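Enquirer: Sharing a structure, written as structure tokens. Questions coming.
In our numbering, the protein residues as written are 51 to 160.
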């Protein structure tokens, strides 16, 4: 069994972190196509980078606020999107940078 998501209020976060949460919400479809590499797929059941920021029921997931890997990936993705990079190319560049998505690694369990 996976733990229940811990949520957070954006007002309690530093401005740069809360703005990244808002960016993730504004680009939820794109973040849903980006794998996360921090291990949250196994520990929290996250399927993608969007899940690190937003719970399935639409609340703010506290996970990304304390995870440097998630925030680094989101910052990289934001920079690429803001530069006009297409969503598929952002996904590819993240994978090129961090390696195969966790679900594709040898021996990974879904």
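A virtual CB, placed ideally from N, CA and C, is assigned to each residue, including glycine.
Everything numeric in this text was worked out from a predicted model, so none of it was measured.
#1: Leaving out the 5 sequence neighbours to the left and right, which residues in its chain are closer than 6 Å to residue 141 when beta-carbon positions are compared?
#2: Could you name the residues of the same chain whose beta carbon sits closer than 6 Å to that of residue 67, not counting the 5 residues immediately before and after it, in chain order?
#3: Quick one: using the 10 Å Cβ neighbour count with 16 as the cut-off for buried, is residue 91 buried or exposed?
#4: Whole angstroms are fine: how far does the CA of residue 135 sit from the CA of residue 65?
#5: Express the C-alpha separation of residue 107 and residue 125 in angstroms, rounding to a whole number.
#6: When the Cα of residue 57 is compared with those of 143, 138, 103 and 148, which residue comes out closest?
#7: Which parts of the region 87-142 are runs of the alpha helix (DSSP H), unbroken and 4 residues or longer, counting only runs that do not cross its ends?
#8: Within the same chain, show all residues whose beta-carbon is closer than 7 Å to that of residue 88, passing over the 5 residues directly before and after it, in chain order.
Expert: Looking at the coordinates:
#1: One-based indexing of the chain shown puts residue 141 at position 91. Apart from sequence neighbours up to five positions away, the residues of its chain that approach residue 141 with a beta-carbon distance below 6 Å are 83 and 84, ordered along the chain.
#2: Counting from one through the chain shown, the residue named residue 67 turns up at place 17. Excluding sequence neighbours, residue 67 sits near 115.
#3: Numbered from 1 along the chain shown, position 41 holds the residue referred to as residue 91. With 16 or more other Cβ atoms from the protein chains shown falling within 10 Å of its own Cβ, residue 91 counts as buried.
#4: Working through the chain shown from its first residue, we reach residue 65 at position 15. Working through the chain shown from its first residue, we reach residue 135 at position 85. Going from the Cα of residue 65 to the Cα of residue 135 covers about 25 Å.
#5: The residue you call residue 125 lines up with position 75 of the chain shown. The residue you call residue 107 lines up with position 57 of the chain shown. Straight-line measurement puts the Cα of residue 107 at about 24 Å from the Cα of residue 125.
#6: Locating residue 57 in the chain shown gives position 7, where the first residue counts as 1. When C-alpha distances from residue 57 are compared across 143, 138, 103 and 148, the shortest belongs to 103.
#7: Those alpha helix (DSSP H) runs which fall completely within the region 87-142 and span 4+ residues are 90-93, 99-103, 113-116 and 118-132.
#8: As a first step, residue 88 is located in the chain shown; it is residue number 38 there, counting from the start. These residues qualify, in order along the chain: 117, 119 and 120.
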